[in-house]
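Take a look at the structure set out below.
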Amino acid sequence: MAQKQRKTKAKWSITDTNALALARAFLSMKDSGEMKAFMRDLLTESEIIEFSKRFYAARAIAGSTHYSAIKEATGLSSRTIARVKQWYKHGKGGYKLAIKRSKHQF
Numbered sequence: 001m002a003q004k005q006r007k008t009k010a011k012w013s014i015t016d017t018n019a020l021a022l023a024r025a026f027l028s029m030k031d032s033g034e035m036k037a038f039m040r041d042l043l044t045e046s047e048i049i050e051f052s053k054r055f056y057a058a059r060a061i062a063g064s065t066h067y068s069a070i071k072e073a074t075g076l077s078s079r080t081i082a083r084v085k086q087w088y089k090h091g092k093g094g095y096k097l098a099i100k101r102s103k104h105q106f
């Protein structure tokens, strides 16, 4: 009896050429209108909202806002807020750079 072949999923990572191509695509957007259009084509509305909430949480953490206020404003779980705080404080610096450059601190 022939064995059933399994389909193997391609392994994706944030360091591969596909991730680099995505980063370059983000960088190629010329203004917020183009970025919003690209994000809407790339992501679902729910994903955009979730990312927006996380960025809100990072900005609030930068402004020393308490977890309870962040949770109330966003509906994010304490675990997600803690994860955002972890990446804000000990990540690659992306949140801090984005907050600084976008001038959206609390």
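Per this note's numbering: the sequence shown ends with 106, consecutive numbering throughout.
Even for Gly, the Cβ is constructed at its ideal location relative to N, Cα and C.
Bear in mind that the values here come from a model prediction, so they are computed numbers and not experimental data.
Looking at chain B, is there any beta carbon in it that lies within less than 9 angstroms of the beta carbon of residue i?
i, result
"Ala-21", "The structure shown contains no chain B, having only a single protein chain."
On the CB-based measure, 16 or more other CB atoms within 10 Å of its CB, does residue i come out buried or exposed?
i, result
"Thr-74", "buried"
"Lys-85", "buried"
"Arg-101", "exposed"
"Arg-59", "buried"
Could you tell me the distance, in whole angstroms, from the CA atom of residue i to the CA atom of residue j?
i, j, result
"Gly-33", "Met-39", "10 angstroms"
"Asp-41", "Ala-98", "22 angstroms"
"Ala-37", "Leu-43", "10 angstroms"
"Lys-103", "His-90", "21 angstroms"
"Gly-93", "Glu-47", "22 angstroms"
"Ser-68", "Ser-13", "34 angstroms"
"Lys-96", "Asp-16", "24 angstroms"
"Leu-27", "Phe-51", "18 angstroms"
"Met-35", "His-66", "30 angstroms"
"Arg-24", "Glu-45", "22 angstroms"
"Lys-11", "Lys-30", "31 angstroms"
Given a cut-off of 9 angstroms on the beta-carbon distance, is the pair residue i and residue j in contact?
i, j, result
"Lys-71", "Ser-64", "no"
"Tyr-88", "Ile-49", "no"
"Leu-22", "Arg-54", "no"
Within its chain, find whatever has a CB closer than 7 angstroms to the CB of residue i; leave out the 5 residues flanking it on each side and keep chain order.
i, result
"Ala-57", "Ile-70, Thr-74, Leu-76, Ile-81, Val-84"
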